[in-house]
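Asks: Residue numbers (my numbering), protein chains in the order written: chain A, 2 to 462; chain B, 784 to 927. Ideal Cβ positions, reconstructed from N, Cα and C, are used throughout, including at glycine. Bear in mind that the values here come from a model prediction, so they are computed numbers and not experimental data.
(1) Can you give me the start and stop residues for the beta strand (DSSP E) that residue 370/A sits inside?
(2) Here's the rule I'm using: 16 or more other beta-carbon atoms within 10 Å means buried, otherwise exposed. How should residue 842/B be labelled?
(3) Verify whether the separation of the beta carbon atoms of residue 22/A and residue 446/A is less than 8 Å.
(4) Could you tell me which uninterrupted alpha helix (DSSP H) segments, each at least 4 residues in length, are contained entirely in the region 851 to 921 of chain B, listed from first to last along the chain?
(5) Nearest to residue 418/A by alpha carbon, out of 891/B, 911/B, 900/B?
(6) Could you round the C-beta distance between residue 101/A and residue 182/A to whole angstroms and report it? I think they count as a contact, below 8 Å.
(7) Figure out for me which residue from 85/A, 231/A, 396/A, 50/A has the closest Cα to the Cα of residue 790/B.
(8) Find the residues of chain A that neighbour residue 903/B, judging by a C-beta separation of less than 9 Å, and give them in chain order.
(9) Below 8 Å on the Cβ atoms is my contact criterion, and I expect residue 910/B with residue 838/B to pass it. Report the Cβ-Cβ distance as a whole number of Å.
(10) Pop quiz: residue 211/A and residue 168/A are said to be a contact at Cβ under 8 Å. What is the actual Cβ separation, rounded to whole angstroms?
(11) Where residue 798/B and residue 920/B are concerned, what is the direct C-alpha to C-alpha distance, given to the nearest angstrom?
(12) By the criterion of Cβ-Cβ separation under 9 Å, what are the contact partners of residue 428/A in chain B?
(13) Bridge partners for residue 461/A per DSSP, in chain order?
(14) Would residue 818/B be called buried (16 or more neighbouring beta carbons within 10 Å of its own) or exposed?
(15) So, for residue 65/A: in the same chain, excluding its five sequence neighbours on each side, which residues have a beta-carbon less than 6 Å away from its beta-carbon?
(16) Could you tell me the distance, in whole angstroms, from the CA atom of residue 425/A to the CA atom of residue 165/A?
(17) Counting only C-beta atoms, is residue 63/A closer than 8 Å to chain B at any point?
(18) Could you name the residues of the same chain whose beta carbon sits closer than 8 Å to that of residue 146/A, not counting the 5 residues immediately before and after it, in chain order?
(19) Between which two residues does the alpha helix (DSSP H) holding residue 245/A run?
(20) Tell me which residues share the same chain as residue 20/A and place their Cβ nearer than 8 Å to its Cβ, disregarding the 5 neighbours each side in the sequence.
(21) Return no unless some Cβ of chain B is closer than 8 Å to the Cβ of residue 243/A.
(22) If you run the structure through DSSP and keep just helix, strand and coil, what is residue 162/A?
(23) Which residues in the same chain as residue 238/A place their Cβ atom closer than 7 Å to its Cβ, once the five residues preceding and following it in sequence are excluded?
(24) Between the alpha carbons of residue 40/A and residue 27/A, how many angstroms are there, rounded?
(25) Determine the burial state of residue 48/A: buried for a count of at least 16 other Cβ atoms within 10 Å of its Cβ, exposed for fewer.
What follows is the structure, given as structure tokens:
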């Protein structure tokens, strides 16, 4: 570790992994509720468990991004973090606010939570992924601003690199676009139109900038390839991301009361959205092939390559599968969407956070790479989680194809609940795949504690 | 990538492309905002519909259902439930009211939300309003 202040990211990474475990636990509950409808009812109804599952995901990814920024920004800017104290303070504020919100979901009926937190004053609750009480949303803004100030001051007063400038652009976009979560008009079409400015422009816009810059940073470190080459790739990838992704928002404007021309614009531009992800895959493998050094952290290299491949499959291929308007007419809001959502979030954002943790954690412990045995355990966890996520996606896709056929496509469409009963076998298999994912995650956590076969097995810095 | 394609060219594509498409997106948004009044059924928004949307949000209905195809996939689409229930707000109210507190053994069941008569009427009116938004003929059939 070059700068002492980089160590604050350890806190962020620990919180991220802890919340990740909670997220998967609730994922398993949800999966079971799909087949045993009254499981935990009425104590934890499906909607509550789902809120916990998706909100934990968002919060732990944000912890991961912030941890990544605190780690890589000082090293890139070649100076200590502007204020490590602020970073630690914001960590605790974010963690406590997040924990209170999740407890609120679990312990108070949602309508009661809305009343308690004064949703009447500025109603923003009850919209997918933005279920947080308004006061929590304000807290998120405060934390984001403090974080941006800290990281921004570090970057702007230090060495400016393409990686940090792209990261800063992505993080600023993240904070600015989140402000649309406070706009909640009664007009449902307007509400939905701008809701996507948070959701789509995050995950298919500015988050990809953050993903790209973290990946570029790790690739420079583990391959030793010339920075000039990597930065050129980064520019091209994020250029394609924004060129396709911004108008690509149109694939959400097909059936929500917006004009018909979005069917053309959304189809064409989102059909191009796989391009930046494909380039990312070519980029990662090319850099590893041209490597000038053999970094001892094989696990980090595996995560980096895995991110590129799985992001392309999940976001690129599974996104393309249902993005053309004539296809989406039948698949919109079915298990196809769920399939795509799972692999895209895992492939792009979960894996990039695990990549930077894999690379940075041993260094923060004073080693260049973890000991061999710990790396083997970590790579097992990589394969278990990744392969089981592929199966979760395949089973949900099977469920979605059948659902689309039975409920939407045939001449004698069946009611929703009848179709759900018919596709239950797919849900059971998804749940089994989910259990394997959990085993992978437990192994992942264990890999941090795994001792080498002999003392001093780890590669010293 | 070869030496012909330089980093500054890549940077220019990034900046130029982003700015161009952000502006195009804003222009399209401006145009959409102009055409929405003909499609989004805003004339039907009454104080009762507004209350209905609030009831919808404060009971996290989107946590199980989809509305115009967006939301969770655990329970039926509600954008067209008014039509599916025979153009009847009474049927919607009766369904919500009749949910058993402890659920149905082994099956999915909607929670009992204990809504007041005013809230029930409001949510039913909100769903009626939603069903009359011009959604380009989506969903494909009445099953949602």
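Replies: Answer, in terms of the structure:
(1) 368 to 370
(2) buried
(3) yes
(4) 864 to 867, 872 to 880, 900 to 914
(5) 891/B
(6) Not quite, the Cβ-Cβ distance comes to about 18 Å (not below 8 Å), so this is no contact.
(7) 231/A
(8) Ordered by position in chain A, no residue passes the 9 Å Cβ test against residue 903/B, which lies about 14 Å from the chain.
(9) Rounded, the Cβ-Cβ distance is 10 Å, inconsistent with contact.
(10) 6 Å
(11) 38 Å
(12) Correct list: empty, because the minimum Cβ distance to chain B is about 11 Å.
(13) Paired residue(s): 368/A.
(14) exposed
(15) 17, 354
(16) 47 Å
(17) no
(18) Taking residue 146/A as the centre and dropping the five residues before and after it, the same chain places the C-beta of 176 closer than 8 Å to its C-beta, in chain order.
(19) 228 to 249
(20) 57, 60, 61, 64, 99
(21) yes
(22) coil
(23) 213, 277, 280, 281, 284
(24) Distance between the alpha carbons of residue 40/A and residue 27/A: 12 Å.
(25) buried
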